[in-house]
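What follows is one structure encoded as structure tokens, with my remarks underneath.
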Amino acid sequence: MRRLFLFMMLCPLLLSPAEGGRAEQADDGEAGAVWTAIIPDAFPNNVYVWHMKGDGSYREDGRDAARGNPIQPTLSGRWTRDGAHMVLRQDDQPYVFDGVVLGNLYAGTLYFGGNARSRFCAARGTVPPDSGRFSTCSAATASASRITPREDAR
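Each residue of the sequence shown is one higher than the one before, starting from 5 at the first, in the working numbering.
Okay, structure coming up:
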């Protein structure tokens, strides 16, 4: 029954169009993509935007979700993708986002110094994903957490 519920939650997401009018597929590259993320366990009041570049780098801006005020200077990092598996690794801090791209969502685990710190969820585009208990983001995070992270990603 639980698997059916997760499947029903993920179907609309996987079939929904991406910002810009077309659904991205798991094998599409990330160059030029924008992802808007929430990190509900570690940083529940913040929203982060990742701007992916074709050279494998990305820029991260963070803001207070309620007020919109910046909470950090722009950070940078490197991203890699192998099929649906994507990893973002910050340059100057030991944060690593290890997850799976499911249609227009990217969900998984945030590691700090090699230790799991929080789940995260990002939606393609500039609108943050819903973080409610029965949201598509919660279902995607639950599905992504069943996938064993690669040892080199942590």
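Backbone N, C-alpha and C fix where the C-beta goes; we use that ideal spot for every residue, glycine too.
Query raised in the report: Taking just the CA atoms, how far does residue 107 sit from residue 31?
Result: Your numbering for residue 31 matches position 27 in the sequence shown. Your numbering for residue 107 matches position 103 in the sequence shown. No answer about residue 31 holds up, because its pLDDT of 37 lies below 50 and its placement is not dependable.
Report task. Taking only the alpha-carbon atoms, compute the straight-line gap between residue 98 and residue 68 and give it to the nearest angstrom. Result -> Reading the sequence shown from its first residue, position 94 is the one you call residue 98. Reading the sequence shown from its first residue, position 64 is the one you call residue 68. C-alpha separation (whole angstroms): 22 Å.
Requested in this report: Under 8 Å Cβ to Cβ from residue 73, same chain only, skipping five residues before and after it: list those, please.
Outcome: Mapped onto the sequence shown, residue 73 falls at position 69. Closer than 8 Å at the Cβ level, and outside the excluded window around residue 73, lie 67.
Query raised in the report: Out of curiosity, what's the CA-to-CA distance linking residue 56 and residue 121?
Result: Within the sequence shown, the letter at position 52 stands for residue 56. Within the sequence shown, the letter at position 117 stands for residue 121. Near 23 Å, if we compare the C-alpha coordinates of residue 121 and residue 56.
Query raised in the report: Around the Cβ of residue 71, are there at least 16 other Cβ atoms within 10 angstroms (buried) or fewer (exposed)?
Result: Translated into positions along the sequence shown, residue 71 becomes position 67. Classification for residue 71: exposed.
Query - Where the beta strand (DSSP E) through residue 35 begins and ends - result: Locating residue 35 in the sequence shown gives position 31, counting from the first residue. That residue, residue 35, is in no beta strand (DSSP E); it is neither H nor E in DSSP.
Query - Exposure label - residue 84; buried when at least 16 CB within 10 Å - result: In the sequence shown, counting from the first residue as 1, residue 84 sits at position 80. Under the 10 Å beta carbon count, residue 84 is surrounded by fewer than 16 other beta carbons and is classified as exposed.
Query raised in the report: Which residues bound the beta strand (DSSP E) around residue 66?
Result: Indexing the sequence shown from 1 puts residue 66 at position 62. Taken as a continuous stretch (DSSP letters only), the beta strand (DSSP E) holding residue 66 covers 61-68.
Query raised in the report: From which residue to which residue does the beta strand (DSSP E) around residue 119 run?
Result: Here residue 119 corresponds to residue number 115 of the sequence shown, with the count starting at 1. Residue 119 -> beta strand (DSSP E) spans 119-128.
Report task. Run the CB neighbour count on residue 51, radius 10 Å, all protein chains shown included, and call it buried at 16 or more, exposed below. Result -> Reading the sequence shown from its first residue, position 47 is the one you call residue 51. Label assigned to residue 51: buried.
Query raised in the report: Of the choices 43, 86, 81 and 87, whose alpha-carbon is the least far from that of residue 96?
Result: Indexing the sequence shown from 1 puts residue 96 at position 92. Nearest of 43, 86, 81 and 87 to residue 96, Cα basis: 81.
Requested in this report: Would you identify the three-state DSSP class for residue 108, choosing helix, strand or coil?
Outcome: Translated into the one-based positions of the sequence shown, residue 108 becomes position 104. Reduced to three states, the DSSP call for residue 108 is coil.
**Report entry** Rounded C-alpha distance that separates residue 105 from residue 75
**Finding:** Against the sequence shown, residue 105 aligns to sequence position 101. Against the sequence shown, residue 75 aligns to sequence position 71. About 26 Å.
Query raised in the report: Short check: CB of residue 53 to CB of residue 130, under 9 Å?
Result: In the sequence shown, the residue the question calls residue 53 occupies position 49. In the sequence shown, the residue the question calls residue 130 occupies position 126. Yes, Cβ-Cβ distance for residue 53 and residue 130 is below 9 Å.
Report task. Using the Cα positions of residue 40 and residue 63, report the straight-line distance between them to the nearest angstrom. Result -> The count along the sequence shown starts at 1 and reaches residue 40 at position 36. The count along the sequence shown starts at 1 and reaches residue 63 at position 59. The straight-line gap from Cα to Cα measures roughly 12 Å.
Query raised in the report: Roughly how many angstroms separate the alpha carbons of residue 92 and residue 46, rounded to a whole number?
Result: Within the sequence shown, numbered from 1, the residue matching residue 92 stands at position 88. Within the sequence shown, numbered from 1, the residue matching residue 46 stands at position 42. Each residue's CA atom was taken as its position, placing residue 92 and residue 46 some 17 Å apart.
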